[in-house]
Structure formats: structure tokens, C-alpha cells
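To start, the structure itself, in C-alpha cells.
There are 2 protein chains.
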Amino acid sequence: MARVIVDVMLKPEILDPQGQAITRALPRLGFSGVADVRQGKRFEVELDGPADEAAISDVRKMAETLLANTVIEDFTVRVED
Amino acid sequence: MARVIVDVMLKPEILDPQGQAITRALPRLGFSGVADVRQGKRFEVELDGPADEAAISDVRKMAETLLANTVIEDFTVRVED
Numbered sequence: 001m002a003r004v005i006v007d008v009m010l011k012p013e014i015l016d017p018q019g020q021a022i023t024r025a026l027p028r029l030g031f032s033g034v035a036d037v038r039q040g041k042r043f044e045v046e047l048d049g050p051a052d053e054a055a056i057s058d059v060r061k062m063a064e065t066l067l068a069n070t071v072i073e074d075f076t077v078r079v080e081d
Numbered sequence: 001m002a003r004v005i006v007d008v009m010l011k012p013e014i015l016d017p018q019g020q021a022i023t024r025a026l027p028r029l030g031f032s033g034v035a036d037v038r039q040g041k042r043f044e045v046e047l048d049g050p051a052d053e054a055a056i057s058d059v060r061k062m063a064e065t066l067l068a069n070t071v072i073e074d075f076t077v078r079v080e081d
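Order-wise, the sequence lines are chains A and B.
Position 71 of the first sequence, counting from 1, maps to 71 under UniProt numbering, and the rest follow consecutively.
Position 7 of the second sequence, counting from 1, maps to 7 under UniProt numbering, and the rest follow consecutively.
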């Protein structure tokens, strides 16, 4: 069993209201020194078999069609060590 | 400017309905070989200064108080290469 991580983040040019709300809340809560926060999604995909090239390619297709909205989001796929 | 990543995932013993919905949808969509999917959150925190020990410790406090609900969620903090 291998674990593949899919990270999905809004594209840089897309406004992120959740991240902005966090960024603005931080000074009120006593945290300084943070320029920006962006919020995205993280998926942990447990495979039945090994994380070979075919499996990774499948997960990439999965991310494209199901996990990310590629109009507004970018995603990365990586095998967890 | 340094970027610190905070990953927030439901604790393993907490039910993840979103992840379960994805796991169940996959075979219908033609994807096989996935045992489980869990969904969490990923935060990209841009610091004004370097990611030194004090800054990382601040981000950890931020994660504990604001980004994660530590009753049901675990989080990890790491500096992006």
C-alpha cells in the first residue's frame, strides 16, 4: 500500500476570501509577520498497490476530473515518503 | 520571504464523509485500485521575514488556535523548500 498526496490550491490570480479572512484575523489575534495566507485542499489517496507510473498517472487523471476544478485551481501529485 | 505549509487532516479515528464520498465515487468514474481517500486542508503562510525558529513556533501556535480544531484534527507545519 502506497499513499499519494494531491494538493489543490486556487490559481494565484484567483481571489481567496478564506485565506484573506485568516490573514486579516491574525493581527487581531496577536500574530504579526504574516504577509499572506492561502487556503487549499489536501487529499491523501491510499492505493491498493504500489505507486508505480501507471498508478500515479491514474491519480493525476482523478485529480483533474474529480478533486480539482482546473478552471480555477492548480494541483500537484506526489508520493509520500 | 519564506513560505510555511500547514497541513490539517482529520484525526484517523474521526469519520471523514467527504473522503468516503470520493472513495465511493471513484469506481463509478472508472478508477480502480484506490483503498481510501481522506480530505483535509492545506494552508500556505507567507512570512514577511525568514522562517527561523521563532517564526515557525508562531505558525505552530497559529495552527493550534486558528487553523486546526485540535479536538478532531491533527496538523503538521513545515517550511517549503
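Think of the CB as a built atom: it goes at the ideal place given N, C-alpha and C, for glycine as much as any other residue.
Mind pulling the alpha helix (DSSP H) runs of 4 or more residues that sit fully within the segment 17-47 of chain B? As far as the segment 17-47 of chain B is concerned, its whole alpha helix (DSSP H) runs of at least 4 residues are 17-28.
With C-beta atoms as the reference, is valine 77 (chain A) less than 8 Å away from alanine 63 (chain A)? Against a cut-off of 8 Å, the Cβ pair of alanine 63 (chain A) and valine 77 (chain A) comes out as a contact.
Tell me the DSSP bridge mates of valine 8 (chain A)? A:Lys41 and A:Phe75, per the DSSP bridge assignment.
Out of A:Ala21, A:Gly33 and A:Val4, state which residue places its alpha-carbon closest to the alpha-carbon of isoleucine 56 (chain B). A check of alpha carbon separations from isoleucine 56 (chain B) across A:Ala21, A:Gly33 and A:Val4 identifies A:Gly33 as the nearest.
Applying a beta-carbon distance threshold of less than 7 Å, which residues of chain B neighbour phenylalanine 31 (chain A)? What phenylalanine 31 (chain A) touches in chain B: Asp58 and Met62.
Taking only beta carbons into account, state which residues of the segment 64-79 of chain B come closer than 8 Å to chain A, listed in chain order. Hits within the stretch, in order: Thr65, Leu66 and Leu67.
Below 8 Å on C-beta distance, what does lysine 41 (chain B) contact in chain A? Against chain A, the beta carbon of lysine 41 (chain B) has neighbours under 8 Å at Gln39, Gly40, Lys41 and Arg42, listed in chain order.
Starting from alanine 54 (chain A), trace the alpha helix (DSSP H) in both directions and tell me its first and last residue. Start and end: 53-62.
Taking Cβ to Cβ, would you say valine 37 (chain B) is nearer than 8 Å to glycine 49 (chain B)? No, Cβ-Cβ distance for valine 37 (chain B) and glycine 49 (chain B) is not below 8 Å.
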